[in-house]
Every structure is written in C-alpha cells, then in structure tokens.
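Take the sequence shown: its position 28, counting from 1, is numbered 27 in numbering that gives the first Met the number 0, and each next residue is one higher.
So the structure is just underneath, and the comments pick up after that.
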Amino acid sequence: MVTERQTVAVLGAGNIGSKLGRKWITRGHQVVFGVSDPKGKNAQRLRSDLGEKAVIGSVTDALSRNPEIVVMAVPATAMDTIVPTYAKQLDGRIIIDVTNRMGSQTMNSFELLREQLPDALLFRAFNTYGGVNLENPQFAQGVATLFFCGSDGDARAKVEQLITDVGPEPAYIGGVEQVNVVDGVTQLWFALVFGQKRGQHLAFKILE
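The structure is reproduced here in structure tokens:
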C-alpha cells in the first residue's frame, strides 16, 4: 500500500502514460485517464487489462474529477493545443511534463506551461527512459535512478512518491531551472540506445 493516496489524471494512454497509470493503480492511487478518443484502441486496451479499475474519459472528464496531479503524457505536438485549451482547469495543479519534443531545440514544454499556467507547480520527470525501463527498472546492478526537477516542498514529496511507486529511485536535481539538465540525461539515453545500439533496457544509477 502507498503512504499517501494521490489523485492523478494521466492525459494520454500511449506507451508511457499507460505504463505509469497501471503502476499507480496497483499501488492504490486514484487514477483517471484523459484521452482524445475514449473508444480508441489505447483506451480499449486499458479497459481490457484493468477491467473496472480503468477510469477513462475525455480530457475534460479527467480534469473535472479535480486531480491534484496531472501527468502530461500526450504526444509532444499535442501540447500546443491541449495546454491553452485546458489552461483554466490545469492551472494551480501539480503538472508533470513527460513529453519529449524530438527534433526541436528544446525537448520540454516548460516555456508553454509557464506562460499558460502561472500558478501550476511544474515538474520534469519520466521522460529520460523508454517504456521498458518504467515497466522493469530493476537491473543486476540495482534499481535504476530516475532524475527529475521541479518545485520543492510538499509537491516534490508527492512526485517522489509517484516515482518510487513506479519502481525507480528518484533523484531530485533542483528546481525548474534544471529542466535542461534532465533533458540532457534523455539525450544521453537516446545516444547510447539508438546511436550506439546498446538496447533499450539501459538506465543510469548514482554511485557514491
């Protein structure tokens, strides 16, 4: 069981969003998925896997349940539409940006989020690894480290708990000003996995 039950809206039910949501449900968190098509194949797959535990609706449905934490796991290109459209419902909440803008100068959406959601507590997490490492973060050398950044205080503790409940060991590297450092870890992972063809079950660990 979890130390504290969180209310989480996962926007997106693709590879990363579905894996995160499944893990949190098994740990006792209250999770609702907000998707563009509640009858689409990703939503149907979740319903098949989770049964009555799967709470899936539109983005509006998910945000209307007043989640404390919102995980942005939509395709990165959709952020430019979703964030302004739902800014009023998103602002003031804990927002975790999971998306990666591949091929863009900046991988994260923090500039957009800051502009549209001035009162939100922003975090960058779960973007540094592929889905296989979120599914299984355990290695022969120990559990993977997951680097993240964002606001401090109670919000940070809640995000750390969500990371732990997925499986990796959370490593906080600072406030929102460290977002590009987190993205550097992502770039390193891509360089090793795809550039050097080392396989996707590859992760990082802090050694002291």
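Just so it is clear, CB atoms sit at the ideal spot from N, CA and C, and this is done for glycine as well.
**Request:** Take Ile-24 and list the residues in its own chain whose beta-carbon comes closer than 6 angstroms to its own, dropping the five residues that flank it on each side.
**Result:** Exclusion of the five residues before and after Ile-24 leaves Val-30, Lys-52 as the residues of its chain whose Cβ lies within less than 6 angstroms of its Cβ.
**Item:** Neighbourhood of Phe-125 by C-beta, 6 angstroms cutoff - its chain only, sequence neighbours within 5 removed
**Value:** Around Phe-125: Val-97.
**Prompt:** When DSSP labels each residue in this structure, what does Arg-21 get in the three-state scheme?
**Reply:** Correct three-state label for Arg-21: helix.
**Message:** Going by beta-carbon coordinates alone, are Val-9 and Gly-16 separated by less than 7 angstroms?
**Reply:** It is a contact, given that the beta carbons lie within the stated cut-off.
**Residue environment, Phe-146, which counts as buried when at least 16 other CB atoms sit within 10 Å** = It is buried - the Cβ of Phe-146 has at least 16 other Cβ atoms within 10 Å.
**Asked** What's the call for Gln-137, buried or exposed, on a 16-neighbour Cβ count within 10 Å?
**Response** The residue is exposed, with fewer than 16 neighbouring Cβ atoms inside 10 Å.
**Prompt:** Going by beta carbon distance, what residues of the same chain come within less than 8 angstroms of Gly-130, once the five residues before and after it are set aside?
**Reply:** For Gly-130, where only same-chain residues beyond five positions count, the Cβ hits under 8 angstroms are Asn-14, Ile-15, Lys-18.
**Item:** Beta-carbon proximity check, Gly-11 vs Ala-72, cutoff 7 angstroms
**Value:** Yes. Within cutoff.
**Prompt:** How many angstroms separate the CA atom of Lys-112 from the CA atom of Val-69?
**Reply:** For the record, residue 112 in the displayed sequence is Leu; it is not Lys. Spanning the two alpha carbons is a distance of roughly 12 angstroms.
**Message:** Buried or exposed, going by whether 16 or more other CB atoms sit within 10 Å of the CB of Ala-190?
**Reply:** Exposed.
**Prompt:** Does the separation of the CB atoms of Asp-164 and Arg-26 fall below 7 angstroms?
**Reply:** In this structure, the beta-carbon distance from Asp-164 to Arg-26 falls below 7 angstroms.
**Asked** Whose C-beta lies closer than 7 angstroms to the C-beta of Ala-77 among residues of the same chain, with five residues either side of it excluded?
**Response** The beta carbon of Ala-77 sits closer than 7 angstroms to none of the beta carbons in its chain outside the five residues before and after it.
**Request:** In the DSSP assignment, find the alpha helix (DSSP H) that holds Gln-104 and state where it starts and stops.
**Result:** Taken as a continuous stretch (DSSP letters only), Gln-104 belongs to no alpha helix (DSSP H), as it is neither H nor E.
**Prompt:** According to DSSP, is Asp-96 helix, strand or coil?
**Reply:** If DSSP states are grouped into helix, strand and coil, Asp-96 belongs with the strands.
**Prompt:** Buried or exposed: Asn-41, going by 16 or more other Cβ atoms within 10 Å of its Cβ?
**Reply:** Under the 10 Å beta carbon count, Asn-41 is surrounded by 16 or more other beta carbons and is classified as buried.
**Prompt:** Around the Cβ of Phe-122, are there at least 16 other Cβ atoms within 10 angstroms (buried) or fewer (exposed)?
**Reply:** Under this definition Phe-122 is a buried residue.
**Prompt:** What are the residues that DSSP puts in a beta bridge with Val-9?
**Reply:** For Val-9, the pairing in a beta bridge is given by DSSP as Phe-32, Val-70.
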